[in-house]
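Position in the sequence shown (first residue = 1) + 2 = the numbering used here.
Every residue, glycine too, gets a C-beta built ideally from N, C-alpha and C.
One structure below.
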Amino acid sequence: MAVSGLSINLATVRQQYDMRQAVEACLKLDISAIAPWRDQVHAIGLGEAARIVADNRLKVTGLCRGGMFPAADAEGLRAAIDDNRRAIDEAAALNADCLVLVVGGLPKGSKDIVHAREMVADGIAAILPHARSAGIPLAIEPLHPMYAADRACVNTLEQALDICDLLGGGVGVAVDVYHVWWDPKLYEQIARAGAKGKILAHHICDWLVPTRDLLLDRGMMGDGVIDLKRIRAAVEKAGFSGPQEVEIFSEANWWKKPGEQVLSTCVERFHTIC
Numbered sequence: 003m004a005v006s007g008l009s010i011n012l013a014t015v016r017q018q019y020d021m022r023q024a025v026e027a028c029l030k031l032d033i034s035a036i037a038p039w040r041d042q043v044h045a046i047g048l049g050e051a052a053r054i055v056a057d058n059r060l061k062v063t064g065l066c067r068g069g070m071f072p073a074a075d076a077e078g079l080r081a082a083i084d085d086n087r088r089a090i091d092e093a094a095a096l097n098a099d100c101l102v103l104v105v106g107g108l109p110k111g112s113k114d115i116v117h118a119r120e121m122v123a124d125g126i127a128a129i130l131p132h133a134r135s136a137g138i139p140l141a142i143e144p145l146h147p148m149y150a151a152d153r154a155c156v157n158t159l160e161q162a163l164d165i166c167d168l169l170g171g172g173v174g175v176a177v178d179v180y181h182v183w184w185d186p187k188l189y190e191q192i193a194r195a196g197a198k199g200k201i202l203a204h205h206i207c208d209w210l211v212p213t214r215d216l217l218l219d220r221g222m223m224g225d226g227v228i229d230l231k232r233i234r235a236a237v238e239k240a241g242f243s244g245p246q247e248v249e250i251f252s253e254a255n256w257w258k259k260p261g262e263q264v265l266s267t268c269v270e271r272f273h274t275i276c
């Protein structure tokens with residue numbers, strides 16, 4: 003029987019496997035839901051990636067990632083929008099539940115985060131008709147404020163949901179515990195998202211103390227300080243019924259372990275910790 007309710011974001015084993023190998027390793031453990039990254043898809047070709055998904059009847063809980071909208075000039079913004087349209091097409095080919103958006107930080111040379119957030123909203127608005135036509139929901143993923151300058155100037159669920167309210171149907175949020183666990187408005191905003199049917203994905207890992215690298219030292223569930231059960235309960239109470247998606251970047255630890263050990267630990271912790 004498949005491990006119901008669990009998805010593996012393939013970044014979790016990106017140093018051990020390519021997409022094809024990761025799928026094979028997941029299937030050996032009866033994991034039938036995945037979330038690939040675009041570079042992993044490109045490495046084997048979109049057609050082959052789509053075939054693997056279809057032949058194995060995989061659920062693709064999200065494609066990572068679109069976004070990165072703020073740009074220093076009009077040419078850069080056009081390039082970002084064009085790339086996001088391609089990402090939407092790739093998500094559609096994989097029958098993904100959503101395209102996850104890491105929206106981007108400050109344009110080069112800028113200190114104007116307010117304008118950067120305006121460019122994010124404008125960029126999503128520009129690709130939204132294409133996403134709606136393709137049947138691919140756009141999931142804004144707010145990132146921890148430490149990434150505001152370089153990766154995502156949208157840093158709370160409240161900010162992400164404000165954009166959703168502005169743009170309407172076809173856009174929601176990805177709730178990644180690593181990025182939002184600290185937010186004093188977290189549970190209020192999860193409830194707000196649920197009332198509007200805006201929770202499109204739920205990503206899990208843990209926050210280590212100490213954290214040695216703010217990007218590449220995420221913890222396995224249960225090894226850190228995040229109240230995973232409480233957040234899961236809130237997300238499910240808000241109406242989200244999709245799989246929990248394990249997404250771990252761990253350069254010094256989990257990326258160095260055998261892939262089968264990483265995946266089997268994900269399954270064990272999912273059953274005991276989450």
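Membership of glutamine 23 in the alpha helix (DSSP H) is indicated by the continuous run 21 to 30.
Spatial neighbours of alanine 74 in its own chain (CB-CB distance under 8 Å, excluding positions within 5 residues in sequence) are listed in chain order as Pro109, Lys110, Gly111 and Ser112. Taken atom to atom, the span from the alpha-carbon of arginine 234 to that of alanine 176 is near 13 Å. Considering only Ala13, Ala128, Asp219 and Asp208, the residue with the shortest C-alpha distance to arginine 67 is Ala13. Annotation for serine 266: the continuous alpha helix (DSSP H) segment containing it runs 261 to 274. With a minimum length of 4 residues, the unbroken runs of alpha helix (DSSP H) contained wholly in the segment 131 to 204 fall at 159 to 169, 179 to 182 and 188 to 197. Here threonine 63 is buried. Its C-beta has 16 or more other C-beta atoms within 10 Å. About 6 Å separates the beta carbons of isoleucine 90 and leucine 101, which is inside the 8 Å limit, making them a contact pair. Here serine 243 is exposed. Its C-beta has fewer than 16 other C-beta atoms within 10 Å. Collapsing the DSSP output to three states places alanine 127 in a helix. The segment 212 to 226 makes no contact with the segment 185 to 194: fewer than 3 CB pairs, one atom from each, lie closer than 8 Å.
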